[in-house]
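Asks: Protein chains in written order, with this note's numbering: chain H, 1 to 279; chain L, 1001 to 1268.
Take a look at the following structure, please.
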Amino acid sequence: MKPPLRDNPPRDPASRTRLSLAIVALVLLWPALQVSEFNLAALLDPANIHTMGSFLSGFWPPTGDPVFVALLARATVETLAMATAGMTLALALALPCSLVATRALSRARLLPNAEPGSLGLVLRWPTRSLLIVLRSVPEIVWALLFVRAVGLGPTAGVLAIAITYAGMLGKVYAEIYESVDLRPAQALVQAGSSRPLAFCYGLLPNALGEMLSYTIYRWECAIRASLIMGFVGAGGLGQQLDLSLRMFAGGEVAAILLVFLALVMLSDQLSAGLRRLLV
Amino acid sequence: MTIRLAGAGFRHGGIPALGALAMTVARGEQVAVIGPSGAGKTTLLRLLATALRPDSGSVEVLGCDPWRLSPRARQQLRARIGLIQQAPPLPPRQRVVTAVGGGRLGQWSLARSLVNLVYPLDLQGVRQSLERLDMGDRLFDRCDQLSGGQLQRVAIARTLYQHPDLLLADEPVSAMDPVLAGHTLSVLIAQGRAKGATLVASLHAVDLALEYFPRIVGLRDGAMMFDCPAHQVTSDNLDALYANDQLYPAVPHPPHQSPTVDATYGCR
């Protein structure tokens, strides 16, 4: 016999886990703050605020010198081209890798009581490892490497972005496939479809929106990354920023930063527009 | 013989869902499976669809034992079986035309399927399938713009478009009003007759099963209670099939009774 409900109020079995996870998170956060010597007071110290203020005041007003603006426009186009070309190469590498690396397209997920495919097991882990290696080396290190190989200029930046971002895109795509509803793809395999086609018809429509916004966010990151890589000679706006900073030309730095603001806003609008159009 | 079950049983995580079931269905037959919730109707249909492998006994579908075939041959067999699922598994952001076209992925070449994904190649054929279910005007709508009953009809249209030799339907009309449900069942039956395809459907509405299907199988607790022509099913059969000791007060199932409605009541 079950006991009457009133004597034994139901207890949420998840509450204990949630409480312990919250405690663990707090316990882990404290040493992180200690080790990183994070100190908010230093930022609010009047002397430090004054130093930062005088540094920033040199930036205003942004320069409007036509020669520099022409230079800036050229560098902007170069940066955009570097980021876009890098992303295109990254996509070409990441899409096939993500299809192999994801568990969502495994036989076991899509075909009930299917014998696990040996090919999947042989290929999946090497592909996952490859994606990890590609993204674990920072793009600046790849850029330094390629500058030595192909010389100064945007080519090194393009290759560095392509390699690092292929690792990131491939991993995240593979995880997006695993997080969406698999039932449409399962139903298609059930009706005799092959797994690649079940992916296209059953899984991709659910995943496309997230893939699109992540890809455009990564494109935005690639624009920023090309700035950093400019410092090591990979061309574009970054190289211009490096020069302007060395010459203490605050107005030029401000103009470059304004261009960056505009580029990030552009990427934001592009993401929203494409999602409206396609998803 | 389209279907031959010989002592086929299945357990869901150790709990028996279907006992040793024996039944044969000839080519072109139309069978309704009825029974209370949890009787094993869905499990039976999934066994027939080769989505589940029986734990005991054997299943023979369209003349072969699917679990003795190579994986490739089994996929080819599956292309000839159409399963209409209770909850239509359609991607919400997909257009109806693509969702219905997906029914032929098992028959089309890879190239044709990929082109069809971005440029629908058989608009006429897809629209004809939809029109039979009065959905011809929703060709270019997205699936998330449809109601539950409309979504069910899109899923049925996809299976009709597949032209399977064995049509399996799991509660195909559960989200439709009675008139639409009757129409949809008659479309499924007409498709079976026209193509010589076999139809097995599970239904909660006993009156619909008795009206449209010549042969009725009663399933309860994973065992077959009866398997006979529709006109031989008695109300005693149905009472025994749906009797529920757990519910209080026990409500006897009224199979043929249509609800009496007081016309003035709704207008006040």
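We treat Cβ as the ideally placed atom computed from N, Cα and C, and that holds for glycine.
(1) Indicate the three-state DSSP secondary structure (helix, strand or coil) for L:R1142 in the structure shown.
(2) Please tell me whether, using a cut-off of 6 Å, the distance from the CB of H:P62 to the nearest non-hydrogen atom of the ligand SAH is below it.
(3) Using a Cβ-Cβ distance cut-off of 7 Å, determine whether H:M1 contacts chain L.
(4) Just the chain H side, please: which residues come within less than 7 Å of L:R1078 by C-beta, in chain order?
(5) For L:G1082, write down the residues that DSSP places opposite it in a beta bridge.
(6) For chain H, check one thing: does any of its Cβ atoms lie closer than 7 Å to the Cβ of L:A1089?
(7) So, L:S1113 versus H:L197, is the Cβ gap smaller than 7 Å?
(8) What are the start and end residues of each continuous alpha helix (DSSP H) run of 4 or more residues lying completely inside the stretch 1011 to 1093 of chain L, in chain order?
(9) For H:N48, go through chain L and note every residue whose CB falls closer than 7 Å to its CB, in chain order.
(10) Please give me, in chain order, every unbroken run of the alpha helix (DSSP H) with length at least 4 that falls completely inside the stretch 1171 to 1233 of chain L.
(11) Along the chain, where does the alpha helix (DSSP H) that runs through H:P66 open and close?
(12) Please specify which runs of the alpha helix (DSSP H), each continuous and at least 4 residues long, are wholly inside the stretch 100 to 164 of chain H, giving them in chain order.
(13) Do the stretch 1023 to 1036 of chain L and the stretch 1205 to 1218 of chain L meet, that is, are 3 or more Cβ pairs less than 8 Å apart?
(14) Would a check of beta-carbon distances place L:S1070 closer than 7 Å to chain H?
(15) Please report the residue range of the alpha helix (DSSP H) in which H:Q34 lies.
(16) Starting from L:T1098, find everything on chain H with Cβ-Cβ shorter than 9 Å and list it in chain order.
(17) How about H:P281: is its C-beta nearer than 7 Å to some C-beta of chain L?
(18) Between L:A1051 and chain H, is there a C-beta pair that is closer than 7 Å?
(19) Contact between the stretch 225 to 234 of chain H and the stretch 1121 to 1133 of chain L is defined here as three or more beta-carbon pairs at a separation below 8 Å; is this criterion met?
(20) Using a Cβ-Cβ cut-off of 7 Å, state whether H:R195 counts as contacting chain L.
(21) Kindly indicate which three-state DSSP category H:G337 falls into: helix, strand or coil?
(22) Of all the options L:M1225, L:A1201, L:T1234 and L:W1108, which has the alpha carbon lying nearest to the alpha carbon of L:L1083?
(23) Relative to the C-alpha of H:L203, which residue among H:S136, H:S106 and H:A22 is closest?
(24) In chain L, which residues lie with their C-beta within 7 Å of the C-beta of H:A187?
(25) Please tell me whether H:T63 and H:A255 are closer than 7 Å, where the distance is taken between their beta carbons.
(26) Name, in chain order, the residues that DSSP records as bridge partners for H:R275.
(27) By how many angstroms is the C-alpha of L:P1016 removed from the C-alpha of L:A1223?
(28) Does the separation of the CB atoms of L:R1080 and L:L1062 fall below 7 Å?
(29) Would the beta-carbon of H:A143 fall within 7 Å of that of H:M229?
(30) Run through DSSP, which three-state label would L:R1132 get?
(31) Report the rounded CA-to-CA distance for L:D1236 versus L:A1197, giving the unit in angstroms.
(32) If you measure between the beta carbons of H:Q190 and L:A1051, is that distance less than 7 Å?
Replies: Let's see:
(1) Numbered from its first residue, the second sequence carries residue 1142 of chain L at position 142. Strand, per DSSP.
(2) Absent from the structure shown: the ligand SAH. Ligands present: none.
(3) Your numbering for residue 1 of chain H matches position 1 in the first sequence. Because the pLDDT at H:M1 is just 48, under 50, the model does not fix this residue reliably, and the value given afterwards should be weighed accordingly. It does not; no Cβ of chain L falls within 7 Å.
(4) Here residue 1078 of chain L refers to the residue found at position 78 of the second sequence. The contacting residues are Q190, A191 and G192.
(5) Indexing the second sequence from 1 puts residue 1082 of chain L at position 82. Answer is L:L1167, bridged to L:G1082.
(6) One-based indexing of the second sequence puts residue 1089 of chain L at position 89. Checking the sequence shown, residue 1089 of chain L turns out to be Pro, not Ala. Closer than 7 Å to some Cβ of chain H, the Cβ of L:P1089 qualifies, so yes.
(7) In the second sequence, residue 1113 of chain L corresponds to position 113, counting from 1. In the first sequence, residue 197 of chain H corresponds to position 197, counting from 1. Going by C-beta atoms, L:S1113 is nearer than 7 Å to H:L197.
(8) The stretch 1011 to 1093 of chain L contains these whole alpha helix (DSSP H) runs: 1041 to 1048 and 1071 to 1078.
(9) Counted from its first residue, the first sequence places residue 48 of chain H at position 48. Chain L residues near H:N48: none, gap ~51 Å exceeds 7 Å.
(10) Listed in chain order, the complete alpha helix (DSSP H) runs (minimum 4 residues) inside the stretch 1171 to 1233 of chain L are 1178 to 1195 and 1206 to 1212.
(11) Mapped onto the first sequence, residue 66 of chain H falls at position 66. Counting along the chain, the alpha helix (DSSP H) containing H:P66 begins and ends at P66 to A101.
(12) Fully enclosed alpha helix (DSSP H) runs of 4 or longer: 107 to 110, 118 to 136 and 139 to 150.
(13) yes
(14) To locate residue 1070 of chain L, count along the second sequence from 1; it is residue 70. It does not: the Cβ of L:S1070 has no partner Cβ on chain H nearer than 7 Å.
(15) Counting from one through the first sequence, the residue named residue 34 of chain H turns up at place 34. A14 to V35 is the span of the alpha helix (DSSP H), which, as asked, contains H:Q34.
(16) Your numbering for residue 1098 of chain L matches position 98 in the second sequence. Result: Y201 and P205.
(17) Past the boundaries of the shown model lies residue 281 of chain H; chain H is included only from 1 to 279, so the question cannot be answered.
(18) Along the second sequence, one-based indexing puts residue 1051 of chain L at 51. Yes, contact with chain H.
(19) no
(20) Walking along the first sequence from the start, residue 195 of chain H turns up at place 195. No, H:R195 does not count as interfacial toward chain L.
(21) Because residue 337 of chain H is not part of the residues shown, which for chain H are 1 to 279, the question remains open.
(22) In the second sequence, counting from the first residue as 1, residue 1083 of chain L sits at position 83. Nearest to L:L1083 by C-alpha distance, out of L:M1225, L:A1201, L:T1234 and L:W1108, is L:A1201.
(23) Taking the first sequence and counting its residues from 1, one reaches residue 203 of chain H at position 203. When only C-alpha atoms are compared, the closest one is H:S106.
(24) As a working mapping, residue 187 of chain H is identified with position 187 in the first sequence. Within 7 Å Cβ-Cβ: Q1085 and P1089.
(25) In the first sequence, counting from the first residue as 1, residue 63 of chain H sits at position 63. In the first sequence, counting from the first residue as 1, residue 255 of chain H sits at position 255. It is a contact, given that the beta carbons lie within the stated cut-off.
(26) Position 275 of the first sequence, counting from 1, holds the residue named residue 275 of chain H. None; H:R275 has no bridge partner.
(27) Here residue 1223 of chain L refers to the residue found at position 223 of the second sequence. Here residue 1016 of chain L refers to the residue found at position 16 of the second sequence. So the two alpha carbons sit approximately 10 Å from each other.
(28) Here the question's residue 1080 of chain L lines up with position 80 in the second sequence. Here the question's residue 1062 of chain L lines up with position 62 in the second sequence. In contact: L:R1080 and L:L1062 (Cβ atoms closer than 7 Å).
(29) On the first sequence, residue 143 of chain H is found 143 positions in, with the first residue counted as 1. On the first sequence, residue 229 of chain H is found 229 positions in, with the first residue counted as 1. A contact, by the Cβ cut-off of 7 Å.
(30) Walking along the second sequence from the start, residue 1132 of chain L turns up at place 132. DSSP places L:R1132 in coil when its eight states are reduced to three.
(31) By one-based count along the second sequence, residue 1236 of chain L stands at place 236. By one-based count along the second sequence, residue 1197 of chain L stands at place 197. Those two C-alpha atoms are separated by around 32 Å.
(32) By one-based count along the first sequence, residue 190 of chain H stands at place 190. By one-based count along the second sequence, residue 1051 of chain L stands at place 51. Yes, they are a contact pair.
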